[in-house]
Amino acid sequence: MPPKTLVPRIVTVGCAQMGPIARAETRAQCVERLIALLREAAKKNCTLVVFPELALTTFFPRWFMPDWREVDQFFETEMPNAAVAPLFAEAKRLKIGFYLGYAEKTPEGRRFNAAILVDRAGEIVGKYRKIHLPGHAENEPERPFQHLEKRYFEPGDIGFPVWRTMGGIVGMAICNDRRWPETYRVMGLKGMELMLLGYNTPAINGWAMVHSAPEPEHLRQFHNHLVMQAGAYQNSTWVVAAAKAGIEEGCSLIGGSCIVAPTGEIVALTRSVADELVVADCDLSLCTYGKETTFAFAKHRRIEHYGLIASQTGVIEPPQ
Ligand code: CDT
Numbered sequence: 025m026p027p028k029t030l031v032p033r034i035v036t037v038g039c040a041q042m043g044p045i046a047r048a049e050t051r052a053q054c055v056e057r058l059i060a061l062l063r064e065a066a067k068k069n070c071t072l073v074v075f076p077e078l079a080l081t082t083f084f085p086r087w088f089m090p091d092w093r094e095v096d097q098f099f100e101t102e103m104p105n106a107a108v109a110p111l112f113a114e115a116k117r118l119k120i121g122f123y124l125g126y127a128e129k130t131p132e133g134r135r136f137n138a139a140i141l142v143d144r145a146g147e148i149v150g151k152y153r154k155i156h157l158p159g160h161a162e163n164e165p166e167r168p169f170q171h172l173e174k175r176y177f178e179p180g181d182i183g184f185p186v187w188r189t190m191g192g193i194v195g196m197a198i199c200n201d202r203r204w205p206e207t208y209r210v211m212g213l214k215g216m217e218l219m220l221l222g223y224n225t226p227a228i229n230g231w232a233m234v235h236s237a238p239e240p241e242h243l244r245q246f247h248n249h250l251v252m253q254a255g256a257y258q259n260s261t262w263v264v265a266a267a268k269a270g271i272e273e274g275c276s277l278i279g280g281s282c283i284v285a286p287t288g289e290i291v292a293l294t295r296s297v298a299d300e301l302v303v304a305d306c307d308l309s310l311c312t313y314g315k316e317t318t319f320a321f322a323k324h325r326r327i328e329h330y331g332l333i334a335s336q337t338g339v340i341e342p343p344q
């Protein structure tokens, strides 16, 4: 039998890292920066651009704010809204789809760390709400800075959907989600070919500082890439991850935004901790090899032994 030829399915994706956003920076200023990245992406023939987590504001969970009215200034109550309308309009004009992370407050007053997927016609085709919220819920003044995502957001309530759009099967995740193999596997089981993700990762772990167990900065970057390369390989999917990077309000955020191929190899990587676009021609047909061989789930998974993963949260050690 002659070998089957895989027909290339190329999506040219831009990974749009942002440098720091100051607390005083307005939505309009952020949107101007996003539009500049989008225009650069258009010149490089991108049809899809990934922006960071919470791309419209500074990473506000670093501060304890007892007044919820102050907190709410960082949230969007509708999407799109007047502030982001120019981004939607420019993306539609350029026929570029995009992923955008932002803080969402629902009409019922619920708060989520969210991302939307907008197609090349400017329509919102998907929404994701961050499931794995890191950090803590109470003020911990001994830390050099707070990480209060557990205070300001509820865990996402819409699971890990995927969408058939822009030529492939696309999933979304946000920052800490990338550290959990379950994130990739749930979407991998839905045939995901392209995972889009934004992140804000402090270069130091506040808890580690307090507990005299500082984690060297190079390990923060190593783990950033390690988890995404593993997730991409083990699920034979592309992963596109855009950071917010640099010194933001005195807090250093790692860069290292990247595009990872289904082989687990990084094929594009930012060099700066500023606004920077990197691009890759992501051939979605390259997902087929892993999905039909080593990670042909239907052939090789042994779910009769995996029950614990979805029935037990923490560790239960065997008796002494
Ligand atoms: N934004 C976000 O999820 N950041 C976390 C920081 C973990 S350290 C408390 C991350 O996983 O990168």
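Residues in the sequence shown are numbered consecutively from 25, following the numbering used here.
Even glycine gets a Cβ: it sits at the ideal position worked out from N, Cα and C.
Burial state of N105 (16 or more Cβ within 10 Å): The residue given as residue 105 occupies position 81 in the sequence shown. Exposed, by the Cβ-count rule.
Considering Cα atoms alone, identify which of A145, E56, G43 and D91 is closest to T71. Counting from 1 along the sequence shown, the entry for residue 71 is found at position 47. Checking every option, the nearest Cα to that of T71 belongs to A145.
Ordered along the chain, which non-local residues of its own chain (more than five positions away) have a Cβ less than 8 Å from that of L59? Walking along the sequence shown from the start, residue 59 turns up at place 35. Position check: residue 59 holds Ile in this sequence, whereas Leu was assumed. Answer for I59: P110, L111 and E114, listed in chain order.
Can you give the Cα-Cα distance for W92 and K129, rounded to whole angstroms? In the sequence shown, counting from the first residue as 1, residue 92 sits at position 68. In the sequence shown, counting from the first residue as 1, residue 129 sits at position 105. Roughly 12 Å between the two C-alpha positions.
Mapping DSSP to helix, strand and coil, what is Y188? In the sequence shown, residue 188 corresponds to position 164, counting from 1. Contrary to the premise, residue 188 reads as Arg rather than Tyr in this sequence. R188: strand per DSSP, three-state reduction.
For a minimum of 4 consecutive residues, which ranges assigned as the alpha helix (DSSP H) are wholly contained in the segment 194-274? Given a length threshold of 4 residues, each whole run of the alpha helix (DSSP H) inside the segment 194-274 is given here in chain order: 205-212, 230-234 and 241-259.
Suppose contacts are defined by Cβ-Cβ distances below 9 Å. Is I283 in contact with A269 by that definition? Counted from its first residue, the sequence shown places residue 283 at position 259. Counted from its first residue, the sequence shown places residue 269 at position 245. In this structure, the beta-carbon distance from I283 to A269 does not fall below 9 Å.
Report all residues from its chain with a CB closer than 7 Å to the CB of T312; omit the five preceding and five following residues, and keep chain order. Numbered from its first residue, the sequence shown carries residue 312 at position 288. Leaving aside the five residues that flank T312 on each side, the residues in its chain whose CB is nearer than 7 Å to its CB run, in chain order, L30.
What separation, rounded to the nearest whole angstrom, lies between the Cα atoms of A107 and A52? Start at 1 with the first residue of the sequence shown, and residue 107 comes out as number 83. Start at 1 with the first residue of the sequence shown, and residue 52 comes out as number 28. One alpha carbon belongs to A107, the other to A52, and they sit about 6 Å apart.
With a threshold of 8 Å, establish whether the CB of G183 neighbours any heavy atom of ligand 1. Numbered from 1 along the sequence shown, position 159 holds the residue referred to as residue 183. Checking every heavy atom of ligand 1 against the Cβ of G183, none is found closer than 8 Å.
Report yes if the C-beta distance between G150 and M211 is below 9 Å; otherwise report no. Counted from its first residue, the sequence shown places residue 150 at position 126. Counted from its first residue, the sequence shown places residue 211 at position 187. Not a contact, by the Cβ cut-off of 9 Å.
In chain order, which beta strand (DSSP E) runs of at least 3 residues are fully inside the segment 44-99? Complete beta strand (DSSP E) runs here, min 3: 72-74.
List the endpoints of the continuous alpha helix (DSSP H) containing Y176. Walking along the sequence shown from the start, residue 176 turns up at place 152. Where Y176 is concerned, the enclosing alpha helix (DSSP H) stretches over E173 to Y176.
Buried or exposed: where does P223 fall if 16 or more other Cβ atoms within 10 Å of its Cβ makes it buried? Your numbering for residue 223 matches position 199 in the sequence shown. A small correction: the amino acid at residue 223 is Tyr; Pro does not occupy that position in the sequence shown. Counting Cβ neighbours within 10 Å, Y223 comes out buried, since at least 16 surround it.
Any heavy atom of ligand 1 closer than 8 Å to the beta-carbon of F83? For the purposes of this step, residue 83 is identified with residue 59 of the sequence shown, where counting begins at 1. Result yes, Cβ under 8 Å from ligand 1.
Per DSSP, L118 is paired with what? Within the sequence shown, numbered from 1, the residue matching residue 118 stands at position 94. L118 is not bridged to any residue.
Is the segment 93-102 touching the segment 324-333, taking contact as three or more C-beta pairs under 8 Å? No: fewer than three Cβ pairs fall under 8 Å.
For D181, count neighbouring Cβ atoms within 10 angstroms of its own Cβ and tell me buried if that reaches 16, exposed if not. By one-based count along the sequence shown, residue 181 stands at place 157. With fewer than 16 other Cβ atoms within 10 Å, it is exposed.
Around the Cβ of A227, are there at least 16 other Cβ atoms within 10 angstroms (buried) or fewer (exposed)? For this step, residue 227 is matched to residue 203 along the sequence shown. Its Cβ being crowded by 16 or more others within 10 Å, A227 is buried.
R326: beta carbon under 8 Å from a heavy atom of ligand 1? The residue you call residue 326 lines up with position 302 of the sequence shown. Relative to ligand 1, even the nearest heavy atom lies 8 Å or more away from the CB of R326.
Using 8 Å as the threshold, is the segment 31-48 in touch with the segment 272-283, meaning 3 or more CB pairs across them? Per the Cβ contact rule, the segment 31-48 is in contact with the segment 272-283 (3 or more Cβ pairs under 8 Å).
Got a sec: does ligand 1 put a non-hydrogen atom nearer than 8 Å to the Cβ of H171? Residue numbering aside, residue 171 sits at position 147 when the sequence shown is read from its first letter. Yes; taking the cut-off as 8 Å, the Cβ of H171 has a heavy atom of ligand 1 nearer than that.
For K154, does the three-state DSSP call read helix, strand or coil? Here the question's residue 154 lines up with position 130 in the sequence shown. It is coil, neither helix nor strand.
E241 versus P168 - alpha carbon distance: Here residue 241 corresponds to residue number 217 of the sequence shown, with the count starting at 1. Here residue 168 corresponds to residue number 144 of the sequence shown, with the count starting at 1. Rounded to whole angstroms, the separation of the alpha carbons of P168 and E241 is 16 Å.
At what residues does the alpha helix (DSSP H) containing E316 begin and finish? Walking along the sequence shown from the start, residue 316 turns up at place 292. Membership of E316 in the alpha helix (DSSP H) is indicated by the continuous run C311 to E316.
Identify whether L308 lies in helix, strand or coil by the three-state DSSP scheme. Here residue 308 corresponds to residue number 284 of the sequence shown, with the count starting at 1. Taken through DSSP and simplified to helix, strand or coil, L308 comes out as helix.
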